[in-house]
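Report on the following structure.
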Amino acid sequence: MSFKAVMRIDGEELNVLDCHFSFAQHTDHNGKPAARPTGGAVTVLVESDGNTNLFDWMVSNTQTKSGSIVFYRRDAMSKMKELKFTDAYCVEYEEHFKAAGDVPMQIKMVLSAREVQLGSSVYKNPWPQS
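With the working numbering, letter number 127 in the sequence shown gets 760, and the count goes up by one each step, no holes.
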């Protein structure tokens with residue numbers, strides 16, 4: 634349904650090529666949730682540009698960023714949903730160059746956030762306050 638997504642971070646917008654995130658709950662032998670939900674890592678593939686801010690974020694073990702990924706509908710570019718992340722660390726970074734194709738340079742990142750919000754639902758990781 635969505636055909637375009639944009640990552641908004643540090644006042645910039647990056648075109649998103651792929652994005653996925655997941656959560657899970659362990660269950661008991663009857664299938665009932667037996668623990669609090671876990672997860673919240675966001676994997677995102679964006680078009681690369683000449684900026685090195687994302688790499689700088691990755692190599693810092695203390696720097697966090699907040700932002701969002703907006704998914705747009707096909708009709709008139711109206712917003713379908715927005716995934717917001719707060720106090721996120723970049724825990725994986727991979728940059729790929731391929732001369733052939735429409736997007737020769739891409740950055741794949743995995744973000745681990747203190748808080749992830751989708752619509753009115755908020756997931757908070759039980760991290761100690763820093």
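Even for Gly, the Cβ is constructed at its ideal location relative to N, Cα and C.
N- and C-terminal bounds of the beta strand (DSSP E) containing residue i
| i | result |
| --- | --- |
| M640 | K637 to I642 |
Sheet register partners of residue i (DSSP bridge)
| i | result |
| --- | --- |
| N648 | V639 |
| F656 | G672 |
| V751 | The sequence as given places Leu at residue 751; Val does not occur at that position. BP columns for L751 point to L716 and S754. |
| K698 | A721 |
| Q762 | Paired residues: none, contrary to the question. |
Counted within 10 angstroms of its Cβ, other Cβ atoms place residue i as buried (16 or more) or exposed
| i | result |
| --- | --- |
| A746 | buried |
| F656 | exposed |
| A721 | buried |
| V755 | exposed |
| V724 | exposed |
Unbroken alpha helix (DSSP H) run spanning residue i, endpoints
| i | result |
| --- | --- |
| D708 | Run containing D708: none; DSSP gives neither H nor E here. |
| V692 | N686 to V692 |
Alpha-carbon spacing of residue i relative to residue j, whole angstroms
| i | j | result |
| --- | --- | --- |
| K637 | Y705 | 5 Å |
(message) Three Cβ pairs or more, each shorter than 8 Å: is that satisfied between the region 679 to 693 and the region 645 to 654?
(response) Under the Cβ criterion (8 Å, minimum of three pairs), the region 679 to 693 counts as touching the region 645 to 654.
(request) Specify whether the region 730 to 742 and the region 698 to 714 touch according to this definition: at least 3 beta carbon pairs, one from each stretch, less than 8 Å apart. (result) These segments do not touch.
(message) Tell me whether the region 653 to 669 and the region 690 to 701 touch, counting them as touching only if at least three CB pairs, one residue from each stretch, are closer than 8 Å.
(response) In short, these stretches do not touch, since the Cβ pair count stays below three.
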